[in-house]
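Here is the structure we will look at.
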Amino acid sequence: MKPMLNQDCLISLVIPVFNEEANLDQLIERCLSVCRGLGNPFEIILVDDGSQDQSAKLIEYAALANPELKGVFLNRNYGQHAAVTAGFETSKGEIIITLDADLQNPPEEIPRLIQAIHQGYDVVGSVRQNRKDSFFRKFSSALVNWFVQKTTGVMMHDYGCMLRAYRRNIVDAVLSCPERSTFIPILANNFARNVTEIPVSHDERKNGHTKYSLYKLISLQFDLLTCMTTFPLRLLSILGALAFLAGTGFGVFLIVMRLIFGASWAAEGVFTLFAVMFTFTGAQFLVFGLLGEYIGRIYHDVQARPKYYIQKIVGPTD
Ligand code: UDP
Ligand code: MG
């Protein structure tokens with residue numbers, strides 16, 4: 064476990080905002096009242112992700128009126144995770160909390176996240192209880208969470224919930240990754256030693272509607288997948304090898320049967336055609352898979368993540 068953080072450390076809230084004009088007043092009010100109750104110094108960073116409504120103006124007014132508020136304005140819409148990254152870059156806190164602007168994540172849960180960080184965790188996730196989303200969203204989330212758990216081995220139950228807390232060193236590590244498409248909870252877990260999650264309540268969206276169209280949602284799932292692994296590229300080799308082996312095995316079987324039972328067996332060569340087809344398709348996929356291996360390596364190099372991450376050094380270093 065990590066040593067305790069200074070109890071008076073600065074807390075940063077990072078909130079991405081995209082066309083949330085109807086939620087901003089309440090969001091700011093509730094966040095300010097929760098943060099003031101903490102007794103720590105704090106900053107609330109609202110990142111306007113190229114909103115087309117009055118959100119940017121509202122953030123600007125609020126930031127001018129409150130010294131604890133900071134507005135970060137992106138020139139256009141880059142997506143939730145890019146907006147959070149921009150907020151990370153601006154933040155100075157020892158503990159950084161992310162949450163959504165639509166008040167689906169109640170800010171009142173923040174003290175519990177901070178408590179878990181003080182217990183020594185690097186990353187604190189949250190699991191939405193009684194999630195107030197459509198069946199489709201819940202079902203697709205369950206599928207994705209199951210897949211991420213299987214692939215990464217990290218047992219977190221709700222990767223989609225952005226009400227999360229990170230220690231400074233984790234955020235700095237995330238910022239050291241220059242890759243463009245990213246999914247912050249997965250990337251952060253990459254650099255964490257101790258992660259935990261706590262159950263949190265979940266509310267219905269107060270105003271406006273979800274900012275994720277089906278297309279954006281699919282695109283987000285691809286970000287998550289490619290941020291996590293290049294395994295799908297290797298899958299080509301595996302499937303190719305299986306088809307190749309099946310085709311070759313079937314071919315050998317046909318030859319043996321042909322020798323024993325004569326030419327009329329195997330439907331006058333139709334089955335042979337299957338065997339040949341499987342063998343060649345399999346071989347093709349194997350070669351695609353090989354290309355995939357190279358592409359995967361190029362992809363990792365382009366991502367240019369740190370090769371390893373030193374969490375701390377104990378003892379004399381010079
Ligand atoms: N968001 C953003 N940029 C986008 C899409 C969403 O900054 O391109 C913000 C949005 O304003 C909200 C959070 O990300 O604060 C989560 O979005 P939303 O509530 O629409 O997602 P859902 O709850 O439907 O998953
Ligand atoms: Mg929402």
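The number in my numbering is simply the position in the sequence shown, starting from 1, with 63 added.
Beta carbons: idealized from backbone N, C-alpha and C, even for Gly.
All values reported here derive from a predicted model rather than from experimental measurement.
Assign residue 230 to one of three DSSP states: helix, strand, or coil.
-> Here residue 230 sits in strand by DSSP.
Using a threshold of 7 Å, is the CB atom of residue 99 nearer than that to any non-hydrogen atom of ligand 1?
-> No; taking the cut-off as 7 Å, the Cβ of residue 99 has no heavy atom of ligand 1 nearer than that.
Roughly how many whole angstroms lie between the Cα atoms of residue 254 and residue 188?
-> Approximately 14 Å between the Cα atoms of the pair.
CB residue 345 to CB residue 297, shorter than 8 Å?
-> Against a cut-off of 8 Å, the Cβ pair of residue 297 and residue 345 comes out as no contact.
Any heavy atom of ligand 2 nearer than 7 Å to the CB - residues listed | Those residues are 163, 165, 167, 268 and 273, given in chain order.
Using only the heavy atoms of ligand 1, determine whether one of them is closer than 7 Å to the beta carbon of residue 142.
-> Placement of the Cβ of residue 142 at a distance of less than 7 Å from at least one heavy atom of ligand 1 is found.
Does DSSP put residue 383 in a helix, in a strand, or in coil?
-> Since the displayed the chain opens at 64 and closes at 381, residue 383 lies outside it and no answer follows.
Roughly how many angstroms lie between the CA atoms of residue 311 and residue 329, to the nearest whole one?
-> Between residue 311 and residue 329, the C-alpha separation is close to 15 Å.
Would you grab the beta carbon distance between residue 75 and residue 156 for me? Rounded to a whole angstrom, and I think it's under 8 Å.
-> The beta-carbon separation of residue 75 and residue 156, rounded to 3 Å, stays under the 8 Å limit for a contact.
Indicate the three-state DSSP secondary structure (helix, strand or coil) for residue 160 in the structure shown.
-> In the structure shown, residue 160 sits in a strand (DSSP, three-state: E or B).
In this structure, does DSSP put residue 235 in helix, strand or coil?
-> Residue state, collapsed to three classes: helix.
CA-CA distance, residue 342 and residue 333?
-> Cα to Cα, residue 342 sits roughly 15 Å from residue 333.
Alpha carbon to alpha carbon, what distance is there between residue 79 and residue 92?
-> Straight-line Cα distance between these residues: approximately 16 Å.
Looking at C-alpha atoms only, which residue of 98, 97, 102 and 87 is the closest neighbour of residue 70?
-> Closest option to residue 70, Cα to Cα, is 102.
Could you tell me which residues DSSP puts in a beta bridge with residue 74?
-> DSSP lists 105 and 158 as partners of residue 74.
Per DSSP, which one or two residues make a beta bridge with residue 191?
-> Beta-bridge partners of residue 191 (DSSP): 263.
Smallest Cα separation from residue 233: which of 273, 242 and 256?
-> The option with the nearest alpha carbon to residue 233 is 256.
According to DSSP, which residues form a beta bridge with residue 111?
-> The partner list for residue 111 (beta bridge, DSSP) reads 80 and 136.
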